[in-house]
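The structure appears right after this line, and notes come after that.
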Amino acid sequence: MLGGVLLLPAAQAWATPDPAQALFSQMQHAARTLDYRGIFVYQDGASLSTLKVEHAWHGGKEFERLVSQDGARREVLVDGDLVTYVRPSTKSVVIMHRDSRTGLPGRFASEVRATPYYHLVLGETKRIAGQTCRMLVLKPIDQYRYQHRMCVAVDNHLPLESEVIDHQGNPVERLLFTDIKLATDLNPSAFKPPVLGPKYTLRWVKTSGAGSRVDDDSHWSFKPTVLPPGFALRAAQTRRFIAGGDPVRHFVLSDGVATVSVFIATHQHPVQTSPNMERSGALNVLTTDAHGALITIMGEVPRVTVQHIANALTYSKVR
């Protein structure tokens, strides 16, 4: 009996959820299932833009509308697993299947709780958009991933602020709500795409194969020993970005938090392209060519991570 009493505190401590992990899970749930509308400022380097958001959850399905409030009008609509991009200035509409983490902050892979490459830490309490929020920091263990800082509302657990920090401690991307309120009047009809005129062009990005399936129907592969630690191939599929266009091979690699896409387009008449690395906010993009294919590697990861993934990519004529 005494042994059981002595073991009880240890068992209770083991069963007690980690406060940072508990807040992270609450944020994930709130960002996906609460109905709300608000205005936020998005900072990408020196560039600032303001957007309006409406978000709802109905029948086990997520709906979202983002509308730019300055510059050329842009609109993004989320309807379950589909996302529609509307650009009235160019009269173009693109529809594609949605990645599970597409949208506002608060969407991470559920694997975050299991990954050894990040640590969740609670920070200070502050006020944003008239609400009290608690800082939640996702700290990486090395230079191959960004740090993520979120301020989570104490009352409803919505993320009111999100920052992406590089290995030197510099912010590369920031999102800050200036106004946000829970909504009771949003329904699926509020998220219908706008009526388009006859001059609009519509493009579907079609995918063949299951998005989570990794198959061997390719001459391309990745050397695990060269990939950044923790990154592994999670999906492989073929896409056609335009009707009748050349098929594009799409690989998805992830460490459980960050995701990197590798697009390989083989052309009948390939054009030589010098390797080129560009950055927009947290997104780094590398374009190059090899073996008659145009290769694009992109993800919200540091430059060194994109370069390592490029170095790990190999080609074999035999398949």
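Per full-length UniProt numbering, the very first residue in the sequence shown carries number 1; after that it's consecutive. From the three backbone atoms N, C-alpha and C, an ideal C-beta is built for every residue, glycine too.
Continuous beta strand (DSSP E) stretch holding residue i: start and end
i    : result
A265 : T259 to T266
F40  : Y36 to D44
Q147 : Q147 to A153
L82  : L82 to R87
L77  : E75 to D79
S189 : Counting along the chain, S189 falls outside any beta strand (DSSP E), and DSSP gives it neither H nor E.
I95  : S92 to H97
S47  : S47 to H58
G299 : A293 to G299
A290 : L283 to A290
P159 : P159 to I165
T132 : Q131 to P140
T115 : Segment: none, T115 is in no beta strand (DSSP E) and carries neither H nor E.
N276 : N276 to S280
T178 : P171 to L182
H250 : V248 to S254
F231 : Taken as a continuous stretch (DSSP letters only), F231 belongs to no beta strand (DSSP E), as it is neither H nor E.
F222 : W220 to F222
Contact set for residue i: own chain, Cβ-Cβ below 7 Å, skip 5 residues either direction
i    : result
G71  : S49
V67  : L51, K52 and E75
Y42  : S49, L51 and L175
Q143 : H167, P302 and V304
Residue i and residue j closer than 8 Å at C-beta
i           : j    : result
N156        : A30  : yes
V112        : F251 : no
R234        : S254 : yes
P140        : M150 : no
V285        : T296 : yes
residue 324 : R73  : With the chain covering only 1 through 319, there is no way to say anything about residue 324.
R65         : F191 : yes
P275        : T288 : yes
First and last residue of the uninterrupted alpha helix (DSSP H) at residue i
i    : result
R32  : P19 to T33
Q307 : R303 to A312
Inter-residue spacing [alpha-carbon to alpha-carbon] between residue i and residue j
i    : j    : result
N311 : M298 : 14 Å
D179 : T132 : 13 Å
V78  : Y315 : 36 Å
K199 : R174 : 35 Å
V172 : R145 : 12 Å
L313 : I165 : 27 Å
V306 : L202 : 31 Å
M96  : H119 : 33 Å
S212 : G281 : Note on S212: pLDDT 46, under 50, position unreliable in the model; the coordinate value appears next. Looking at the two C-alpha atoms, the distance is approximately 27 Å.
R239 : F108 : 24 Å
L176 : H267 : 42 Å
P188 : K181 : 18 Å
V248 : I264 : 6 Å
R127 : E161 : 10 Å
V205 : A236 : 15 Å
A290 : W220 : 11 Å
G130 : G45  : 26 Å
G60  : A20  : 26 Å
P228 : V257 : 13 Å
V226 : E54  : 42 Å
L82  : E62  : 10 Å
L283 : P224 : 23 Å
T115 : E163 : 20 Å
A22  : H167 : 26 Å
Q147 : I39  : 24 Å
D246 : Q69  : 36 Å
Same chain only: Cβ atoms within 8 Å of residue i, ignoring 5 sequence neighbours per side
i    : result
T125 : T132, C133, R134, M135 and V154
F222 : L233, F251, L253, I309, A312, L313 and T314
V93  : T84, Y85, V86, R87, P193, L196, Y200, T201, L202 and R203
Q26  : V152 and H157
P17  : none
R98  : V78, G80, D81, L82 and V83
Sequence-distant residues of the same chain with beta carbon closer than 6 Å to residue i, five excluded per side
i    : result
F231 : L253 and D255
E278 : V285
T33  : W57
D35  : A56, A183 and L186
G123 : M135 and V137
K91  : K199 and Y200
Y117 : I141, G230 and D255
K317 : none
L294 : A265
G80  : K61
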